[in-house]
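Quick note: the sequence shown, position 18, residue 1359 per our numbering, numbers continuous.
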Amino acid sequence: MAGSAWTRRPGGGTSLFVVLVLDPVTEELDSYGPYEYRAALAAAALRREEYDREDLGEVMIVVVPLHPATPPDEA
């Protein structure tokens, strides 16, 4: 599964991804994950189907890489 411009696997060894859901009408934002890449694509597709059934085609669903924060150096 190659993905689209919104879901293309980035380089750099990222292995975890999050599904972001944004409703531009209500301005609500939610995220789901983390997932492995293919599982994130599948989760995004299921959410797209769910929102399409509810006639909410304007809701944006994207897969983005998760970059864990680096803990600060302890002094």
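Think of the CB as a built atom: it goes at the ideal place given N, C-alpha and C, for glycine as much as any other residue.
Treat the numbers as computed from the prediction; the structure is a model and nothing was measured.
| said: Measuring alpha carbon to alpha carbon, tell me which residue in T1355, D1364 and V1359 is nearest L1397. | reply: D1364
Best match in E1390, L1361 and S1372 for proximity to V1403 [C-alpha to C-alpha]
L1361
Roughly how many angstroms separate the alpha carbons of L1487 and P1409, rounded to a whole number? The structure shown does not extend to residue 1487, since the chain is modelled only from 1342 to 1416, so the question has no answer here.
_In DSSP terms, what P1406 is bridged to_ = F1358
Let me confirm a value: L1382 is counted as buried when at least 16 other C-beta atoms fall within 10 Å, else exposed. Which label applies?
buried
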